[in-house]
Each structure stands twice: as C-alpha cells, then as structure tokens.
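**Student:** Mind the numbering: the sequence shown is residues 1 to 108 in my numbering, read in order.
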Amino acid sequence: MEQQKYCTAIIRNLKRHRDAAPFLKPVDYIKLNVPDYPTIITQPMDLELVEKKLGGSEYTTVDDFISDVRLIFHNCFKYNGPEAMISVLCQNVESAFEKSLRQMPPSS
Numbered sequence: 001m002e003q004q005k006y007c008t009a010i011i012r013n014l015k016r017h018r019d020a021a022p023f024l025k026p027v028d029y030i031k032l033n034v035p036d037y038p039t040i041i042t043q044p045m046d047l048e049l050v051e052k053k054l055g056g057s058e059y060t061t062v063d064d065f066i067s068d069v070r071l072i073f074h075n076c077f078k079y080n081g082p083e084a085m086i087s088v089l090c091q092n093v094e095s096a097f098e099k100s101l102r103q104m105p106p107s108s
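(1) Is the segment 19 to 30 in contact with the segment 54 to 66, if contact means three or more CB pairs nearer than 8 angstroms?
(2) In angstroms with no decimal places, state the Cα-to-Cα distance between Glu-98 and Pro-35.
(3) List the endpoints of the continuous alpha helix (DSSP H) containing Ala-9.
(4) Considering Leu-49, what are the terminal residues of the alpha helix (DSSP H) in which it resides?
(5) Leaving out the 5 sequence neighbours to the left and right, which residues in its chain are closer than 7 angstroms to Ile-11 when beta-carbon positions are compared?
(6) Would you say Leu-14 and Ile-66 are within 8 angstroms of each other, going by their C-beta atoms?
(7) Run through DSSP, which three-state label would Gln-43 get?
(8) What first and last residue would you give for the alpha helix (DSSP H) that runs through Asn-80?
(9) Tell me, to the nearest whole angstrom, how far the beta carbon of Pro-44 is from that of Asn-75; I am working on the premise that it is less than 8 angstroms.
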C-alpha cells in the first residue's frame, strides 16, 4: 500500500515537471499532423492515463505501473528518434522518473 501511495506521488510530480507537457495527454496525431503515429506506436500511453489506471486500481503490481510509465518514454524515442527536441524533454522527465524509483520504499 505504501508503494501505491508513492506511485501516485511520482505521477503527480512527473505531471508538474517542467518538460512533461507533451506527455500529459494522448498524442493528438491529427492535430499534430503525424498520421503515421498510430501505425508506428501501437501501445500509446500518457501520464494522465497512468494516473487514471492508478486511481482505478488497475495495476496489480508496481512493475505494471513502472512498465506503463517507461512505455511513454519508449514511444517518444521510437517515434521521434534520439535527436528530436521532444526526445530531449522526454529524457529529462525519464531521468526524474528513474531517480524517484530509486527512492521508492520497499514492498512490505
């Protein structure tokens, strides 16, 4: 239970991260004019959806939560490539996430 509270805190902090804006909501591939996005990214994920799943107790393990957050970063790098500006933002948010994971309390 302690870990679930910590996961909720992690998501709240990530959503407030200065570089998190592109990852808060689903990618609007029509508005962004990237029609190939759903073809390349078959498992879209965003911070809002992770938060919703956390609140709805959809994660049975902390590892499931971690996998979904990492999927956000993976999708960004996969679609945009490592050199894109958005990938730099993604890297900053990912670093904050990985740092917070190292401080997670052990499971009881």
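Glycine residues also receive a C-beta, built at the ideal position from the N, C-alpha and C atoms.
**Tutor:** Per the coordinate set shown:
(1) As far as the Cβ criterion goes, the segment 19 to 30 does not touch the segment 54 to 66, which means the pair count is below three.
(2) For the purposes of this step, residue 98 is taken as residue 98 along the sequence shown, with counting starting at 1. For the purposes of this step, residue 35 is taken as residue 35 along the sequence shown, with counting starting at 1. Taking the straight line joining both Cα atoms gives about 31 angstroms.
(3) Numbered from its first residue, the sequence shown carries residue 9 at position 9. Counting along the chain, the alpha helix (DSSP H) containing Ala-9 begins and ends at 2 to 16.
(4) Translated into the one-based positions of the sequence shown, residue 49 becomes position 49. Here the alpha helix (DSSP H) through Leu-49 covers 47 to 55.
(5) Numbered from its first residue, the sequence shown carries residue 11 at position 11. The beta carbon of Ile-11 is closer than 7 angstroms to those of Leu-47, Val-50, Glu-51, Leu-54 in its chain, skipping five residues each way along the sequence.
(6) For the purposes of this step, residue 14 is identified with residue 14 of the sequence shown, where counting begins at 1. For the purposes of this step, residue 66 is identified with residue 66 of the sequence shown, where counting begins at 1. No, these two residues do not count as a Cβ contact at 8 angstroms.
(7) For the purposes of this step, residue 43 is identified with residue 43 of the sequence shown, where counting begins at 1. Assignment of Gln-43 by DSSP, reduced to helix, strand and coil, places it in the coil class.
(8) Position 80 of the sequence shown, counted from the start, is the residue given in the question as residue 80. Where Asn-80 is concerned, the enclosing alpha helix (DSSP H) stretches over 62 to 80.
(9) Position 44 of the sequence shown, counting from 1, holds the residue named residue 44. Position 75 of the sequence shown, counting from 1, holds the residue named residue 75. Rounded, the Cβ-Cβ distance is 7 angstroms, consistent with contact.
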